[in-house]
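Contents: one structure, followed by commentary.
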Amino acid sequence: MLAGLDDEQRAVVVAPAGPVCVLAGAGTGKTRAITHRIAYRVLTGEVRPQHVLAVTFTARAAAEMRTRLAQLGVQGVQARTFHAAALRQLRYFAPRLFSGRELPEVVDSKARLVGLAAAKVGLRADRTVARDLASEIEWAKSSMVEPGEYPVAAAKANREPPVDPARVAEVYAEYERVKRSRGVIDFEDLLRTAIWAMEEHPDVGEQIRSQYRHFVVDEYQDVNPVQQRLLETWLGGRDDVTVVGDASQTIYSFTGASSAYLVDFPRQHRGATVVRLVRDYRSTPQVVGLANAVISQARGELAGLRLQLVGQRPAGPEPDLRVFPDEPAEATAVAQRCAAMIAAGTPASEIAVLFRTNAQSQSYEEALAEVGVPVVVRGAERFFERGEVRQAMVALRAATRTTPPDMPLRQAVVGALEAVGWRPDAPPPGGNAREQWEALAALVNLAEEYVTAAAIPLPGAEARPATLEGFNEELARRAALQQVPTVEGVTLASLHAAKGLEWDAVFLVGLAEGTLPTTYAKTPEAVEEERRLLYVGVTRAREWLWLSYGGARSPGGRHRRPCRFLPALDPEAGRAPTRPRPKSDGTRRRVAVMSCRVCGTTLISGADRKLGRCSTCPSTMDEELFERLREWRLRVATEQKVPAYVVFTDATLTALAERRPERLEEMAAIGGIGPRKLGLYGEAVLALIDGADIDDLVQKNLG
1 MLAGLDDEQR
11 AVVVAPAGPV
21 CVLAGAGTGK
31 TRAITHRIAY
41 RVLTGEVRPQ
51 HVLAVTFTAR
61 AAAEMRTRLA
71 QLGVQGVQAR
81 TFHAAALRQL
91 RYFAPRLFSG
101 RELPEVVDSK
111 ARLVGLAAAK
121 VGLRADRTVA
131 RDLASEIEWA
141 KSSMVEPGEY
151 PVAAAKANRE
161 PPVDPARVAE
171 VYAEYERVKR
181 SRGVIDFEDL
191 LRTAIWAMEE
201 HPDVGEQIRS
211 QYRHFVVDEY
221 QDVNPVQQRL
231 LETWLGGRDD
241 VTVVGDASQT
251 IYSFTGASSA
261 YLVDFPRQHR
271 GATVVRLVRD
281 YRSTPQVVGL
291 ANAVISQARG
301 ELAGLRLQLV
311 GQRPAGPEPD
321 LRVFPDEPAE
331 ATAVAQRCAA
341 MIAAGTPASE
351 IAVLFRTNAQ
361 SQSYEEALAE
371 VGVPVVVRGA
381 ERFFERGEVR
391 QAMVALRAAT
401 RTTPPDMPLR
411 QAVVGALEAV
421 GWRPDAPPPG
431 GNAREQWEAL
441 AALVNLAEEY
451 VTAAAIPLPG
461 AEARPATLEG
471 FNEELARRAA
481 LQQVPTVEGV
491 TLASLHAAKG
501 LEWDAVFLVG
511 LAEGTLPTTY
521 AKTPEAVEEE
531 RRLLYVGVTR
541 AREWLWLSYG
551 GARSPGGRHR
561 RPCRFLPALD
571 PEAGRAPTRP
581 RPKSDGTRRR
591 VAVMSCRVCG
601 TTLISGADRK
611 LGRCSTCPST
621 MDEELFERLR
631 EWRLRVATEQ
641 KVPAYVVFTD
651 ATLTALAERR
661 PERLEEMAAI
671 GGIGPRKLGL
681 YGEAVLALID
691 GADIDDLVQK
701 NLG
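Numbered per full-length UniProt numbering, the sequence shown spans residues 1 to 703.
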C-alpha cells in the first residue's frame, strides 16, 4: 500500500487517526493519497470499510474513488457527493421522519418554481431573470440565510442580484411556500433536512453516527456553510476526519463556497496533522512554471496557503501565447490547430478549449464544425439524458430478446444501434449531427471496455461472461451515478466546468481584460478569484498549452489589453522580457518567467521586471553611479534635443545602478534596453560603470 508513493503521499497514508489536513496542489496525486489512506487503514484493521464515508462534489469523482478503492482490494466504503449521501440517509429514515411517508420528490431545477413565485408576488421575470433569481436563492440556502435575512446578507457578501434585494427576499419566501404546497423539496433542502433529522431525532443521529465513524472530504476548499454544518453533524463532536483541498483552486465563491474552513482547519483542530503535496505528476515543468508564475502574485488571505509546485515530468514545449486581430480570427486559428493536432495523431478527446463564460462556446463550436472536428460541450445536457442516448439504451434493452446468446458483445451493440440509424463507419457532417454520432460511438467503446473488464476482474471478483444483459445493467448503473464514458471529440468547457479534469493539450482562449478578469470582478477578492480561474485552466494541461486572445471582440473593434494575470511576453529570442503592445498577427510569443534576484518571487509588473527585483525588496543601488548616469543622460539628451526619458527612463537608470552590468549581454537583460539603445549607448554606459569620464563619453557618443 505504500509502494510507489512519494514521501508526502506516504505521510498522508500513515497519518494517525484524528484530524488530518492535506493541502494538495493540482496534479499532485491527492486522490491516490487519500484512497491509499483509506485502504491502508482498512487492510491494517484500524477501521472497517462500512464505517468510512468519503464525500466529494461530483458523481464522477465519487465513482473514481470507489473504482480505485476496489482496485486496492477494498469494498464497502461509501464514496458519494454530499447530496447523494444525504439523499440515501433520508430515504432510509423517511418512514421514521415523515410519519410513515416517503421522502418528498426532489425538484431538478428551481427556475420554473421561482418563476411561479415571482409572478405570485407581482414581479415579471423572464427565463433569464428567473434563472438569476434561482441562483440567488440557491446561494442564500447554501449559506444558511433565511428570506428575511437576505437583503443584509447579500449586501455583506457584495452580491449583485437581478432585482432589488427586498424583492428577491419576497420571491425567496414565496418560493418556499410554493414548494411546501406542492410537497417537493430542492437540493439544498436535502442537506438541511439531513441536519434536522440528526439534530431533532436523536435516535436517527445516533444510528447514522454509529454507521459512519471515519470521514474523508475531498475538494474541501469548495465546502459551503450548509455542507460544513452537515459534516459537523455527522461527526457529532468526533475528530476522525481527513480533509483535502487547495486554496489556489477556490473558484466557487459565487455559489456560497468558502475556503475559510480549509484555512481555519488547523486552528479549529489543535494538533491536526498537516501535509503539503507539491510534486506535480500531471504537467510538464514548463506548464508548472507558468502555473507558479500566475499564482505567485496572488494577494489576500488565501495567498498564504498557495503551494509552489515542483514538476516531476520530463521537459516539454514552452507554453504559447498567440494574439489575433479579433475573436473570430482567434476561433478560426484554434480550430485549424485542433484539426492539425488530430491529423498528427492526438486523440480529439485529449484536447480541450477552455474559456471564461459559456457564451464564448458558440463561436468555437462553429469554427470546429467548419473544419470537421467533433466537439463535446461540458456543462450542457448530461450524457445519459441526451435524446439519442436514451433511444439507444431502449434499443439495447430490446435487443436482449432477439440477440443470439453466442454473439460477441460489440457486434450485438453495433447491431442494436444500427436499428436506430447509427452507422459505425459513417460519421455525418455538421456539428450537432457529428456530436450525436460520437455519443453513440462512445457506447460501443464502453462495450469494448466492458468485455475487457469481464475477462480481467478486480481482485477478489470472478470472471464473468460479457453479455448484452450485463452490459445493460452496467449502463443503468453508470446512468444512476452519472459515470459518463469518454466521447471522442474536442472538449469545449468553461474554466469552472473544467475543474477536476485534465487533457494532453489545452487551449486557454479569450485571455483579455474584460473577459478574464471579467468586468464584474469589482472587488479585490473577486479579482483574486479570477486569477485562480486562470491558474485552474493552466493546470489542466499535461503537455501542450496555448494561451490566446483577440485584440478586439469583432473585426475593426476597440483594442483590448491582455489579461493582467499573464506573465510578461518575450517577443524576440535573446532579449529581455518586456511587455509591449503585441502585434495582433497570431504569431507565437514565448511566455517568459522572471524571478526576483533578492527573494525569488516571480516578477509580473514591468517596473519590477526592469529592476530584476520586487519593488519592496531592499535596493542595492550604487547612489554615486546613479547620479553619474543621470548627468550623462541629461548631457546626451540636451545635445540630441530629446527628452531625457527617450535616452533611458529613471527605472532603467536605477536598474543599471543596481545591477552594474559588465557586458552588453548583461545590459540586454534589463527591460527597456533593446538592440537600438544597446547599439547607441551600450559601450558608453559600460565605460561609465567602469569609471570613465562623462565629458569624454558624451563627446564620443555624439561623434
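Note that beta-carbon positions come from the ideal geometry of N, C-alpha and C, so glycine has one too.
Applying the 10 Å Cβ sphere with the 16-neighbour rule, what's the burial state of residue i?
{"i": "P580", "result": "Unreliable placement is indicated for P580, whose pLDDT of 37 sits below 50; the coordinate value is still reported in the next sentence. It is exposed - the Cβ of P580 has fewer than 16 other Cβ atoms within 10 Å."}
{"i": "Q286", "result": "buried"}
{"i": "A476", "result": "exposed"}
{"i": "K141", "result": "buried"}
{"i": "Q9", "result": "buried"}
{"i": "Y520", "result": "exposed"}
{"i": "R41", "result": "buried"}
{"i": "S318", "result": "Before going on, a small fix: residue 318 reads as Glu here, not Ser. Flag for E318 reads buried."}
{"i": "R676", "result": "exposed"}
{"i": "K583", "result": "In this prediction, K583 scores a pLDDT of 44, lower than 50, which makes its location untrustworthy; the coordinate-derived value is nonetheless stated afterwards. With fewer than 16 other Cβ atoms within 10 Å, it is exposed."}
{"i": "A573", "result": "Note that A573 scores a pLDDT of 29, beneath 50, so its modelled location is shaky; the value from the coordinates is reported in the next line. The residue in question, A573, is exposed, as its Cβ has fewer than 16 Cβ neighbours within 10 Å."}
{"i": "H559", "result": "exposed"}
{"i": "S259", "result": "buried"}
Do residue i and residue j have their C-beta atoms closer together than 8 Å?
{"i": "K156", "j": "I137", "result": "no"}
{"i": "E327", "j": "G550", "result": "yes"}
{"i": "L678", "j": "L664", "result": "yes"}
{"i": "S143", "j": "A130", "result": "no"}
{"i": "R540", "j": "V490", "result": "no"}
{"i": "R244", "j": "V106", "result": "The sequence given here has Val at residue 244, not Arg. No, the Cβ-Cβ distance between V244 and V106 is not below 8 Å."}
{"i": "R337", "j": "A493", "result": "no"}
{"i": "A466", "j": "Y450", "result": "yes"}
{"i": "F626", "j": "A655", "result": "no"}
{"i": "I195", "j": "R229", "result": "yes"}
{"i": "V74", "j": "I34", "result": "no"}
{"i": "G205", "j": "P104", "result": "no"}
{"i": "E529", "j": "S253", "result": "yes"}
{"i": "V171", "j": "A117", "result": "yes"}
{"i": "D246", "j": "Q227", "result": "no"}
{"i": "E219", "j": "T56", "result": "yes"}
{"i": "V275", "j": "V12", "result": "yes"}
Which value, in whole angstroms, describes the spacing of the CA atoms of residue i and residue j?
{"i": "A684", "j": "L697", "result": "6 Å"}
{"i": "T602", "j": "G289", "result": "Summary for T602: the model assigns pLDDT 47, below 50, so the residue's position carries little reliability, and this model does not support an answer."}
{"i": "D570", "j": "L547", "result": "Residue confidence for D570 is low, a pLDDT of 39 falling below 50, so the modelled location carries little weight; the figure read from the coordinates is stated next. Cα to Cα, the separation comes out at about 14 Å."}
{"i": "A335", "j": "R356", "result": "18 Å"}
{"i": "L495", "j": "M65", "result": "23 Å"}
{"i": "R88", "j": "L468", "result": "29 Å"}
{"i": "G256", "j": "P643", "result": "54 Å"}
{"i": "G311", "j": "G4", "result": "17 Å"}
{"i": "E624", "j": "A651", "result": "16 Å"}
{"i": "G674", "j": "Y645", "result": "14 Å"}
{"i": "G300", "j": "V536", "result": "18 Å"}
{"i": "W503", "j": "A497", "result": "13 Å"}
{"i": "V178", "j": "F187", "result": "15 Å"}
{"i": "V241", "j": "A272", "result": "10 Å"}
{"i": "F98", "j": "T400", "result": "41 Å"}
{"i": "V591", "j": "V20", "result": "For V591, the predicted model reports a pLDDT of 47, less than 50, meaning its position is unreliable and no value from the coordinates is stated."}
{"i": "V114", "j": "Y175", "result": "6 Å"}
{"i": "R80", "j": "G237", "result": "22 Å"}
{"i": "R209", "j": "W139", "result": "28 Å"}
{"i": "E149", "j": "R60", "result": "35 Å"}
{"i": "A453", "j": "R68", "result": "14 Å"}
{"i": "E662", "j": "G672", "result": "17 Å"}
{"i": "D126", "j": "L533", "result": "30 Å"}
{"i": "F565", "j": "V294", "result": "6 Å"}
Does the Cβ of residue i lie closer than 7 Å to at least one heavy atom of the ligand SAM?
{"i": "V74", "result": "This structure lacks the ligand SAM; in fact it carries no ligand of any kind."}
Since residue i and residue j are thought to touch, with beta carbons under 8 Å apart, how far apart are those beta carbons, to the nearest angstrom?
{"i": "L653", "j": "R630", "result": "6 Å"}
{"i": "R628", "j": "I694", "result": "6 Å"}
{"i": "G25", "j": "S283", "result": "Rounded, the Cβ-Cβ distance is 11 Å, inconsistent with contact."}
{"i": "A291", "j": "L309", "result": "6 Å"}
{"i": "E365", "j": "V375", "result": "6 Å"}
{"i": "L417", "j": "F471", "result": "So it is not a contact: roughly 12 Å between Cβ atoms."}
* Please specify which runs of the alpha helix (DSSP H), each continuous and at least 4 residues long, are wholly inside the stretch 15–60, giving them in chain order. => Listed in chain order, the complete alpha helix (DSSP H) runs (minimum 4 residues) inside the stretch 15–60 are 30–43.
* To do: For the stretch 96–162, list the alpha helix (DSSP H) runs that are entirely contained and at least 4 residues long, ordered along the chain.
  => 111–120, 127–142 and 150–156, all fully within the stretch 96–162.
* Give, in chain order, every unbroken run of the alpha helix (DSSP H) that is at least 4 residues long and sits entirely within the stretch 200–271. => The stretch 200–271 contains these whole alpha helix (DSSP H) runs: 202–211, 225–235 and 260–268.
* To do: May I have a chain-ordered list of the beta strand (DSSP E) segments no shorter than 3 residues that lie completely inside the stretch 495–577?
  => Taking only runs of at least 3 residues, the beta strand (DSSP E) segments lying wholly in the stretch 495–577 are 503–508 and 541–550.
* Asked: What are the complete alpha helix (DSSP H) segments, minimum 4 residues, inside the stretch 316–347?
  -> For the stretch 316–347, whole alpha helix (DSSP H) runs of length 4 or above, ordered along the chain, are 327–343.
* Considering only residues of the stretch 380–414, which uninterrupted alpha helix (DSSP H) runs meet the minimum length of 4 residues and lie entirely inside it, listed in chain order? -> DSSP assignment within the stretch 380–414 yields the following whole alpha helix (DSSP H) runs of 4 residues or more, N-terminal first: 387–399.
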